[in-house]
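Each residue of the sequence shown is one higher than the one before, starting from 37 at the first, in the working numbering.
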Amino acid sequence: MYIPNTKWTWAFAIVALVQACIILAFESYVFGHFQIHLRDSDAPNSNDDSSVRTIPTFLTLYIFGFLYQLLLVWDALRMKNTIQVIGLVMYNIGLLIYGAVQMEQIRDAIFSLAESEAVHKSMWSDTRPFLLAIPCILALGTVCMAFIAWKLYDEFAWTIYKRISADLRMKRRYLYYQVYIALLKFDFFFFLGFTVQFVVIVTRQQNVEFALTIAAIPVTILILLAAAWFVRKENLWGTIGIIILYFGGLAYFIFKLVRMYSAAREKAYEPARKELSTFAVLTIILIILTIVLACICAHNYGRGLKPYITKTRPIEDDEKPMGSAYAPYATEMSPGVASGKNTYAGPSQGRMEID
37 MYIPNTKWTW
47 AFAIVALVQA
57 CIILAFESYV
67 FGHFQIHLRD
77 SDAPNSNDDS
87 SVRTIPTFLT
97 LYIFGFLYQL
107 LLVWDALRMK
117 NTIQVIGLVM
127 YNIGLLIYGA
137 VQMEQIRDAI
147 FSLAESEAVH
157 KSMWSDTRPF
167 LLAIPCILAL
177 GTVCMAFIAW
187 KLYDEFAWTI
197 YKRISADLRM
207 KRRYLYYQVY
217 IALLKFDFFF
227 FLGFTVQFVV
237 IVTRQQNVEF
247 ALTIAAIPVT
257 ILILLAAAWF
267 VRKENLWGTI
277 GIIILYFGGL
287 AYFIFKLVRM
297 YSAAREKAYE
307 PARKELSTFA
317 VLTIILIILT
327 IVLACICAHN
337 YGRGLKPYIT
347 KTRPIEDDEK
357 PMGSAYAPYA
367 TEMSPGVASG
377 KNTYAGPSQG
387 RMEID
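What follows is the structure, given as structure tokens:
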């Protein structure tokens, strides 16, 4: 099992862990406080029912978001994947935006429930400091993670040279592959987040739309796993099929985004419109980027990248060329790089001798 082994990998892991622990504690307090003080309303209505489900859903989803982030942090550091590290900084910004939107929606839900005496209005004043602190902590955490990501970028720079050697075009293809795989990991959370909120908060009856939405969750997981497998095996027809499914997903989220602001459906989406809009917009952006990267990766099939990604493994620190900060670039002169052997032994071996 991988354990961080350098100053900056430890720093990145600790920042993510401390941030997650503090926010999970705050979210758990708000969740528990709401559940304890929630009481039955004498005259419940459909809007109250949605509001009751809104707060637990937001908090549970947010808790899952941070647990999933910790998993991605461990995976990025294990694989020394700079692209995923940068993606985690952007993911943190997304959680910050969601935290800010969440505070306003929870306030509206509490006030709505207070009108039917399901909760007391004082609940908002009790939980507001914790909800307000969450975006502030995330803002500080994002700044720290961005700085450490910059340091890790320099620290991990040698890995692509170790794997790909000096072929600039091959490095570019490998970069596109890494970005694509990272996008698939983030796509999972944002699609799941939107679907869970829609099913729990918006859908009030088990109709065809409800059944299709539930079925979409395992299907989406299979699609994302298949997408990763096809790109690793350079299966062109499989990738084309996945891209077509991406366009179907893009149409679905655009349809949902337009529908939740239509006059006929406005009331149904009211308890979670802002959160659903946030997730829908972020997911649409991610799907567009995923489609673009999938097309680029498909274009690179058959150009020599497959051997480098079918047997990838975390590169150990003792394989790192020793020397100055620019020592990784010395691997470009090393004939053993492509075979996985570190043949760099100092500047003197880089000279050409004529017998």
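Beta carbons are placed, not taken as given, at the ideal position from N, Cα and C, and that holds for glycine.
Q. What did DSSP end up calling Ile39 once you bin it into helix, strand or coil?
A. Coil, per DSSP.
Q. Would you call the CB atoms of Gln55 and Phe94 closer than 9 Å?
A. At least 9 Å separates the beta-carbon of Gln55 from that of Phe94.
Q. Which ranges does the alpha helix (DSSP H) cover as unbroken runs of at least 4 residues, wholly within the segment 231-290, from first to last along the chain?
A. Counting whole runs of 4 or more residues, the segment 231-290 contains the alpha helix (DSSP H) stretches 244-269.
(Q) Would you say Glu63 lies against chain C (beta-carbon separation less than 9 Å)? (A) The question asks about chain C, but that chain is absent: this structure has only one protein chain.
Q | Inter-residue Cα distance where the pair is Ile39 and Ala52 | A | Distance between the alpha carbons of Ile39 and Ala52: 14 Å.
Q. If you follow the alpha helix (DSSP H) that Gly130 is part of, which residue opens it and which one closes it?
A. Annotation: the continuous alpha helix (DSSP H) that includes Gly130 extends over Thr118 to Glu151.
Q | Endpoints, the alpha helix (DSSP H) within which Asp162 is located | A | Its alpha helix (DSSP H) spans residues Ser158 to Glu191.
Q | Backbone CA spacing between Phe222 and Leu228 [nearest angstrom] | A | Between the C-alpha atoms of Phe222 and Leu228 there is a straight-line separation of about 10 Å.
Q. With DSSP run on the structure shown, which of helix, strand or coil describes Tyr403?
A. The displayed coordinates of the chain run from 37 to 391. Any statement about residue 403 would go beyond what the structure contains.
Q) Just how far apart, CA to CA, sit Arg208 and Asp190? A) So the alpha carbons of these two residues sit roughly 17 Å apart.
Q) Taking the C-alpha atoms as reference points, what is the distance between Ala263 and Thr275? A) Rounded to the nearest angstrom, the two C-alpha atoms are 7 Å apart.
Q | Any non-hydrogen atom of the ligand SAH closer than 8 Å to Leu341 Cβ | A | This structure lacks the ligand SAH; in fact it carries no ligand of any kind.
Q) According to the Cβ coordinates, are Ile290 and Ile253 closer than 9 Å? A) No, these two residues do not count as a Cβ contact at 9 Å.
**Q.** Minimum C-alpha distance to Ile323 - residue among Gly285, Tyr344, Ser313 and Leu312
**A.** Of the listed residues, the one whose Cα sits closest to Ile323 is Gly285.
Q. Arg309 lies in the alpha helix (DSSP H); which residues open and close that run?
A. Residue range Arg309 to His335 is occupied by the alpha helix (DSSP H) that includes Arg309.
Q: Return the residue from the list Leu174, Ile278 and Leu260 that minimises the CA-CA distance to Ile129.
A: The candidate whose alpha carbon is nearest that of Ile129 is Leu174.
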